[in-house]
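Quick notes on the structure that follows.
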Amino acid sequence: VTDLDGKFSISNVPSSAKTLVVSYVGMEPQEVAVEPVLRVVLETSTQALSDVIVVAFGTAKRSSFTGSASTMSSEEISKRQVSNLTNALAGVVAGVQATSTSGQPGTKAEIRIRGVGSMAAGNNPLYVVDGVPYDGEISALNPADIESTTVLKDAASNALYGARGANGVVLITTKKGTSQKTTITVDAKWGTNRRAVPNYDVMKNPGMYLEKAYEAIYNSYYYQQNGTAENARNQALTYLPTNSNGGVGYTIYTVPSGQDLIGTDGKLNPNATLGYSDGTYYYTPDDWYEELFNKGNLRQEYNFSVSGASDKVSYYFSGNYLDDSGLMENSGFSRYSTRAKADYQAKTWLKLGANMAYTHYDLQTPADQTSSGSSANLFYIANYIAPIYPLYIRNADGSIKTDSRGYTVYDFGDNTSTNFNRTWMSGSNPAAMMQLDKRGYESDVISGRWFADVELLEGLKFTYNFGLDVDNSRYTRLYNAYYGQYSQVGGIVYVGNERKLGINHQQLFTYKKTFADVHFLDILLGHESYRYTYNYLRGSKENLFNPDIVEINNGISSPSVNSYTNKYSTEGYLSRVQYEYDSKYIIGASYRRDATSRFHPDNRWGNFGSVSGAWVINREEFLANVPWVNFLKYKISYGIQGNDALLYSDNLTPNYYPYQDQYEVSNSNEDFGSVLYYKGNKDITWETSHTFNTGVDFDFWNGKLSGSVEYFNKKTKDLLYYMPVPISIGYSEVPMNIGSIRNQGFEIDLRSEVISNKKMNWSIYANGTFLKNKILQLAPELKGELIADPRIYREGESMYQFYLRKYAGVNEEGLSLFYVDEVDSSGNVTGTTTTTDYNNATRYATGNILPTLYGGFGTSLNYSGFDFSISFTYQLGGKTLDEGYRSLMHGGSASSAGQNWHIDMLNSWSESNKNADIPRVDALQNFTNSRSDRFLISSNYLDISNITAGYTLPKELTRKFDIGNMRVFFMAENVYLFSKRKGFDPRQSYTASGAYRYSPIRSISGGVSLTF
28 VTDLDGKFSI SNVPSSAKTL VVSYVGMEPQ EVAVEPVLRV VLETSTQALS
78 DVIVVAFGTA KRSSFTGSAS TMSSEEISKR QVSNLTNALA GVVAGVQATS
128 TSGQPGTKAE IRIRGVGSMA AGNNPLYVVD GVPYDGEISA LNPADIESTT
178 VLKDAASNAL YGARGANGVV LITTKKGTSQ KTTITVDAKW GTNRRAVPNY
228 DVMKNPGMYL EKAYEAIYNS YYYQQNGTAE NARNQALTYL PTNSNGGVGY
278 TIYTVPSGQD LIGTDGKLNP NATLGYSDGT YYYTPDDWYE ELFNKGNLRQ
328 EYNFSVSGAS DKVSYYFSGN YLDDSGLMEN SGFSRYSTRA KADYQAKTWL
378 KLGANMAYTH YDLQTPADQT SSGSSANLFY IANYIAPIYP LYIRNADGSI
428 KTDSRGYTVY DFGDNTSTNF NRTWMSGSNP AAMMQLDKRG YESDVISGRW
478 FADVELLEGL KFTYNFGLDV DNSRYTRLYN AYYGQYSQVG GIVYVGNERK
528 LGINHQQLFT YKKTFADVHF LDILLGHESY RYTYNYLRGS KENLFNPDIV
578 EINNGISSPS VNSYTNKYST EGYLSRVQYE YDSKYIIGAS YRRDATSRFH
628 PDNRWGNFGS VSGAWVINRE EFLANVPWVN FLKYKISYGI QGNDALLYSD
678 NLTPNYYPYQ DQYEVSNSNE DFGSVLYYKG NKDITWETSH TFNTGVDFDF
728 WNGKLSGSVE YFNKKTKDLL YYMPVPISIG YSEVPMNIGS IRNQGFEIDL
778 RSEVISNKKM NWSIYANGTF LKNKILQLAP ELKGELIADP RIYREGESMY
828 QFYLRKYAGV NEEGLSLFYV DEVDSSGNVT GTTTTTDYNN ATRYATGNIL
878 PTLYGGFGTS LNYSGFDFSI SFTYQLGGKT LDEGYRSLMH GGSASSAGQN
928 WHIDMLNSWS ESNKNADIPR VDALQNFTNS RSDRFLISSN YLDISNITAG
978 YTLPKELTRK FDIGNMRVFF MAENVYLFSK RKGFDPRQSY TASGAYRYSP
1028 IRSISGGVSL TF
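With the numbering used here, letter number 425 in the sequence shown gets 452, and the count goes up by one each step, no holes.
Now the structure itself:
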């Protein structure tokens, strides 16, 4: 076959030949009658595409791929109603775990591939878009533009990405034009967002809460101060309405003259009526949870695309608008995005391509949604506040008060907005902050990919890839000048700017050649360089002239400004060789020499690579006559990768200069002063992971059972982490390379085309990952153990275990008991006893708390135009600290007065309930809900993550309106979570969960999809 400027000439065709078969990877084969001149158009084949997988710096046949990878197709992506792709990967892609600290629309999930491979360095995977590493926000990518997402999980598949691929690689391939006919698609969705995970079972009856608050004060005087029952009762009645000694600070019941709010039996006076007026204001509690969250908010999304192809050009253009509202006012995510992608075969030896995307998004989010105990955290206050407090200020007649500007006036509980003062979160009201405060991020993201392919010789190609990602974000924050704690300074305004710039160059030579029809050689040689710059600028002022304008010049007091720039760069030389014999035996090897700017010049170069092999067993003669074995491959690989992404000790912020001492400059009596805030170490270098992977890929009974079973073992050596040192030397820790950990396990990914014919298709999938984690070695100075409260690291044990007191129930007076070891003079443990002194109790390692098994399963059905699918994610065998529940099991002390209780506290110890395992409520008892293994809970869960149903109208009907395809559909995302306790969400973290984070959102929508 000879290529003549886009046309092909076939010589030596036998005169007896009647039929010509034309095929190409990823296209549907065509059989045509032999003619002197033919024009053959190949259509995309979904089945054929499943035989091709996107890999590092190119594509490969699945049958020849020696690494470990899982793919999520565009069809699977289209079923998910997410604003960020990362929220759709867990459960669908084997080996992937996702945790989400916030349900705020537009935020991403934290992705972990086959466990956590580092103690102090980053564990995030590398995201690669159309072959080039991506530096923009994942939420800037429109999921409707994505053709496939491939997760590379072992060193054989991701070693060529060097340092940034140490924790796995997520390859995102955007759509392109494939059909010779121009295709137009229009997709629209409308629906609502609601809170997906409810609050804990808290007390909702104000009388029930006040009875328990009375009991807490009564017990504190009766037991702690040896008071009489009468004295304890008098004290409780005196302090109950105040904001001291466990009092709640508000009177909300009207009690007949001469009577008490709480009777001698500890119960609410039946003659008391809810509602109280002091002559100026009327006080009655509101349901904060219902007022703030129990409202449906609009979600709408529109997608449009035009695509097509000819013998020389393919093109794809798209536009998207998304309005993904949050759970409350001034919270949500809106996005405008567009993409233009084209490839052009300029010459037989030259192909050019460009892929440009622009996104503008606006992220509006309440402040401080990840901090427990913060008065600015709306979720914390609304979920934990007692059911006795007004949300609004009411006039004496009971009507809700409005101010001269027409704003609803809210009760801040600070003795200035009304005549009462609550201890718990005094001076805060999230409803007012939602209405009057503003906080947002506006970003413009430009992402460009350009390439040129040059055919130098037969089989030899040079490719130049250039990637550019620019993310300009503007941050604004307004603390209102009208109400709340910042009204005392006339309001505060913050304005900031962040700019991220990533530039990537790749120069690649590839050589592919088949010899004697059975020998196939694939060689890659290349060079990659990367530069990243991050600019930060932020300023603020107080005392605003116009309280509604979010600009720094609008304020006149307490100016503050700061800025900095971080730079990071890597450079790598890479190579890969793969040899294949008769599509049966495959061996491969890769090598990359990588350098990073994060380390001292003496230590910044590292050598990494992999070796791998595969045996396609079904091509052997002994399986030639076994019809039910369609495909069977054994694979094995081993590789070494490096990780340079040391974080600061907050485990969040990247440290771009970890080998250098870092100082803060300050004004010291109008002279320069500096303070060391980070101690560097010029000797630190690469954290290296050694990964072994082996398994089988299979397809039996023509797709009735297909999938893979794999074993993986990843040992990470020379761990980057912070060694504690005596603080007397001027700092408390120093970064070092000492220690090793191991993640190993099995991964099973199964799929079945149960029924597949022209009328009906029914498929099922299920995957699971069994994971074990172990610390192999710590620094010798630590003598096998490092305590990082509340966790403990021990050699030979999981890096995920707590170091906690053990709860031993309650004593005869209802106080918490904890176990304590008895030791002899030599320090040997001789026995165990109990103590009521929490501080003297012994701390014990809890053992591994990570889940043993995680994954997902689901099914999809298509029948006569109707389609239905449902998907689940699950997790089994782990534990976590339920910090939300612990906070609601407090003893009623003065500091927690006004904070709600879980209804389990109704079963706390009392004189009439001495067999209870829950300590008594006591305003002077500090250990009632102290952290212990009492609050460890199973982290098992089952999540109905998505349900989709639709109907595609018959083509004979749609053709009448010149419509190629029309489908109406219903979608539900984040449908329902089954966990050990109502309100408990183990998906927040591997270690702890609380009710102070932005709750996950359930989205329910309907829509229509049209193709012309």
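Cβ atoms here follow ideal geometry from the backbone N, Cα and C, with glycine treated the same way.
Buried/exposed call for residue i, threshold 16 Cβ in 10 Å
| i | result |
| --- | --- |
| M993 | buried |
| Q207 | exposed |
| K941 | exposed |
| D698 | exposed |
| T860 | exposed |
| L650 | exposed |
| R107 | buried |
| S345 | buried |
| V196 | buried |
| Q689 | exposed |
| E691 | exposed |
| H546 | exposed |
Under 9 angstroms between C-beta atoms of residue i and residue j
| i | j | result |
| --- | --- | --- |
| K568 | S590 | no |
| G885 | N1001 | no |
| Y738 | N764 | no |
| I104 | A171 | yes |
| F84 | G553 | yes |
| I244 | N226 | no |
| G94 | S716 | no |
| T907 | G883 | no |
| L381 | A369 | Note that residue 381 is Ala in the sequence shown here, rather than Leu. Yes, these two residues count as a Cβ contact at 9 angstroms. |
| L377 | D480 | yes |
| Y411 | S914 | yes |
| P878 | G905 | yes |
Residue i versus residue j - alpha carbon distance
| i | j | result |
| --- | --- | --- |
| R1008 | D430 | 42 angstroms |
| V856 | R778 | 53 angstroms |
| E714 | R139 | 17 angstroms |
| M932 | V229 | 9 angstroms |
| A96 | V638 | 16 angstroms |
| L76 | S101 | At L76 the pLDDT is 42, less than 50, meaning the model places this residue with poor confidence; the figure from the coordinates comes in the next sentence. Their Cα atoms are separated by approximately 12 angstroms. |
| V761 | G599 | 28 angstroms |
| S334 | Q327 | 24 angstroms |
| F658 | T680 | 46 angstroms |
| S455 | I420 | 13 angstroms |
| F635 | G323 | 52 angstroms |
| A793 | T212 | 31 angstroms |
| S825 | I876 | 8 angstroms |
| D677 | S332 | 43 angstroms |
| D471 | R362 | 10 angstroms |
| N593 | M460 | 34 angstroms |
| A336 | L803 | 55 angstroms |
| S467 | V588 | A small fix is needed here, since residue 467 is Gly in this sequence, not Ser. The straight-line gap from Cα to Cα measures roughly 19 angstroms. |
| I1031 | S922 | 41 angstroms |
| G511 | T718 | 55 angstroms |
| G149 | S755 | 29 angstroms |
| Q605 | V643 | 15 angstroms |
Whole-angstrom C-beta distance between residue j and residue i, which should lie under 8 angstroms
| i | j | result |
| --- | --- | --- |
| Y1023 | N404 | 6 angstroms |
| N967 | S920 | Contact doesn't hold; Cβ gap of about 33 angstroms is too wide. |
| W936 | G823 | The Cβ separation is near 39 angstroms, so there is no contact. |
| Y250 | N258 | Not confirmed; about 12 angstroms, so no contact. |
Chain C within 9 angstroms of residue i, Cβ atoms only
| i | result |
| --- | --- |
| R432 | No chain C is present in this structure, which holds just one protein chain. |
* Asked: Considering only residues of the segment 218-285, which uninterrupted beta strand (DSSP E) runs meet the minimum length of 3 residues and lie entirely inside it, listed in chain order?
  -> Qualifying beta strand (DSSP E) stretches: none in this window.
* Which runs of the beta strand (DSSP E) fall wholly inside the segment 670-698 and span at least 3 residues, in chain order? -> If we require 3 residues or more, the beta strand (DSSP E) runs fully inside the segment 670-698 come out as 689-695.
* Asked: Where in the segment 951-1023 do unbroken runs of the alpha helix (DSSP H), each at least 4 residues long, occur, reported from the N-terminal end onward?
  -> Counting only runs of 4 or more, we get 982-985.
* Run through the segment 905-938 for me and flag every whole beta strand (DSSP E) of 3 or more residues, listed as ranges in chain order. => Within the segment 905-938, the complete beta strand (DSSP E) runs of at least 3 residues are 906-909.
* To do: Tell me the start and end of each unbroken beta strand (DSSP E) in the segment 874-905 that is at least 3 residues and wholly inside, in chain order.
  => Whole beta strand (DSSP E) segments, 3+ residues: 880-890, 893-903.
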